[in-house]
Structure formats: C-alpha cells, structure tokens
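Engineer: Residues in the sequence shown are numbered from 1325 upward in steps of one, following my numbering. Mind looking over this structure? Questions follow.
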Amino acid sequence: MSNNTKHLGQFITFEGGEGVGKSTNIEFCRQLLEQQGIDVIVTREPGGTEIAEIIREELLKKPHDERMCDVTELLLVFAARAQHIEALVKPALERGSWVLCDRFTDSTIAYQGYGRGLELSLIEQLRSIAQLGIEANKTFLLDAPVDVGMGRARARGPADRFEVEQLDFFSRVREGFLAIAEQSPGRVQLINAGQALDLVQADLEVALTQLLSQAEKG
Ligand code: Z5A
C-alpha cells in the first residue's frame, strides 16, 4: 500500500455468521489503515455507544423469563442502530474518519428476516427511519460453513441468546447473507472465511488497497 493521508470518510461493515472472524479481521484492517495515516473508528452493532450497548445487553442476555417477540427484537436492533448512527457513525464520517463496523443492517436482513422470518419490507421501513440515509460504502461478507463458525464461537465461551439457536436457523441466516451478496455485488465482497486466517487477511489486504485507491480518486 502507498502512504497517503487524504481520504474521505468510508463506512465499512463486516458481516457473516457467528464465529466467522469478524472481530479478528476488523483489528487486522484497523492496523492496515492506520499504517496509511487514516483515522479509524472501530465499532459494532448492536452497540457502539453507551445507550446502544445497554440495548445490546438486553438483546443478547439469556434467559429472560419470557420469550422476546421477534418484532421486539427487530425494534430493539433498530433502536440501537438509530442511536449509533446519530451519535457515533455520522459524526465520524463527517470528520473524515473511516468507520469499521462489526455487523450492520445486512445482519438484520439475515437474522431477523431470513432467520426469524420477518417481512423484509418491515426492515426496509425501519432502515429508512433509523439510518439518516447512511449506508455502508463497502461490506466484507466473511462466509464459512455454519458448522465451522459455530465450532469457533463455541470454543470461545458460553452461548448468548442468538448462539443457542439451532443449525437450521444459522443455515437460513447464511442463505440470507449470500442472497444479499448476490443482490449487491458492487458493495458486498464475499471473503472465504473458511480458509486459514493468513489467506483471509491476504484477501482483505488486496480489497482494502483497492478501496484506498478508489477513495483517493474521490
Ligand atoms: N444481530 C442481529 O440479530 N441482528 C442485527 O441486526 C445485528 C446483530 C447487528 C451479536 O453479534 C448478535 O447480534 C449476533 C447476531 C445479532 N449473534 N449471533 N450469532 P456478535 O457479532 O457480537 O456475535 P457473533 O457473530 O457471535 O460474533 P463473534 O462470536 O464475536 O465472532 P466473530 O467476531 O465473527 O469471530 P472472532 O471472534 O474474530 O473469531 C472467533 C474465533 O475464531 C477466534 O478464536 C479466532 O481466533 C478464530 N478465527 C477467526 N478466523 C479464523 C480462521 N480463518 N481460521 C481459524 N480460526 C479463526
């Protein structure tokens, strides 16, 4: 990569099923971009601000005494997103920072849409209310067979409210992500996350180099 500090703010999201390596690779990308003199903000959804992190806790916590309704889950995801966008993402992009976000609205389509079976049109309505027109410039979809990601996540610690779901739920989620990639080939770049970590990161480095050169051209 060449050294150049003049870049417009970019909103880059990392998506995929559980345990595919989003956190690990966001850290890798952060380091690469910072080496180029870019101001990088790393954040996550649900979460990223004090209020959005409180909502995250409720979303992931198990067990509640009652089952959380699917629509409640969807509204909480978007409540956290509205807060995150207005308080953190939008101001950071306006300052020219690059925002690396662990999950965004593609996760809502995959989990609440394909996974829970909620209408995608409902998600589109909430997107238009909550996102203030902000969309990802680039999305890296880390894709691996469900059992590979589940195995990595399980090895790491106790399961949260999503992680206790069964294989067929996560298969629908993966199908959702792959459908999004097919529908948005310009924005979404599929990365084979089932391969060894150094190969995943080599792919990401090539992709980031292209992105930097596009951002330099404005
Ligand atoms: N959710 C939702 O339903 N709707 C929404 O709109 C949003 C979210 C935004 C929390 O997400 C939950 O929120 C999520 C969906 C829901 N639930 N699930 N499932 P989260 O991102 O916090 O949770 P997660 O997906 O379970 O992420 P994770 O477990 O933290 O995984 P990760 O960040 O993708 O992976 P990692 O921590 O970087 O890596 C996992 C392990 O694998 C680690 O030990 C690594 O060293 C190892 N690893 C990584 N890559 C490799 C390779 N290539 N080879 C070998 N080992 C590797």
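Here a beta-carbon is modelled for each residue, glycine too, at the ideal position from N, C-alpha and C. Here the structure is a predicted model, which is why all the values come from computation and not from measurement.
Rounded to whole angstroms, what is the Cα-Cα separation between G1343 and E1540?
Structural biologist: 33 Å
Engineer: Output the distance between the C-alpha atoms of E1369 and E1459, rounded to the nearest integer angstrom.
Structural biologist: 14 Å
Engineer: Which residue comes first and which comes last in the alpha helix (DSSP H) that contains L1412?
Structural biologist: Run containing L1412: none; DSSP gives neither H nor E here.
Engineer: Consult DSSP for P1440 and reduce its assignment to one of helix, strand or coil.
Structural biologist: One detail in the question is off: residue 1440 reads as Arg in this sequence, not Pro. R1440 falls in the coil class under three-state DSSP.
Engineer: If you draw a straight line from the C-alpha of Y1438 to the C-alpha of L1444, how long is it?
Structural biologist: Taking the Cα positions, Y1438 is about 8 Å away from L1444.
Engineer: Tell me where the alpha helix (DSSP H) around K1462 begins and ends.
Structural biologist: K1462 -> not in any alpha helix (DSSP H); beta strand (DSSP E) instead, spanning 1462-1467.
Engineer: Indicate the three-state DSSP secondary structure (helix, strand or coil) for V1488 in the structure shown.
Structural biologist: coil
Engineer: How many whole angstroms separate the CB atoms of N1434 and V1497, which I take to be in contact at a CB cut-off of 8 Å?
Structural biologist: Residue identity differs from the one stated: residue 1434 is Ala in this sequence, not Asn. That pair is a contact at about 5 Å.
Engineer: According to DSSP, simplified to helix, strand and coil, what is D1363?
Structural biologist: Three-state DSSP puts D1363 in coil, outside helix and strand.
Engineer: Residues bridged to L1424 by DSSP?
Structural biologist: I1336, V1366
Engineer: Quick check: the Cα distance between N1349 and Q1360, rounded to an integer number of angstroms?
Structural biologist: Here the alpha carbons of Q1360 and N1349 stand approximately 17 Å from one another.
Engineer: How is I1515 classed by DSSP in three states: helix, strand or coil?
Structural biologist: strand
Engineer: Quick check: does the Cβ of E1382 come within less than 7 Å of any heavy atom belonging to the ligand Z5A?
Structural biologist: no
Engineer: Which of the three DSSP states is assigned to T1429 in this structure?
Structural biologist: helix
Engineer: Classify S1431: buried if its beta carbon has 16 or more other beta carbons within 10 angstroms, exposed otherwise.
Structural biologist: buried
Engineer: What residues in its chain sit with their C-beta under 8 Å from that of E1358, if we drop five residues either side in the sequence?
Structural biologist: V1364
Engineer: Would the beta-carbon of P1370 be found less than 7 Å away from any heavy atom of the ligand Z5A?
Structural biologist: yes
Engineer: Is it buried or exposed, H1388, if we count other Cβ atoms within 10 angstroms and call 16 or more buried?
Structural biologist: With fewer than 16 other Cβ atoms inside 10 Å of its own Cβ, H1388 counts as exposed.
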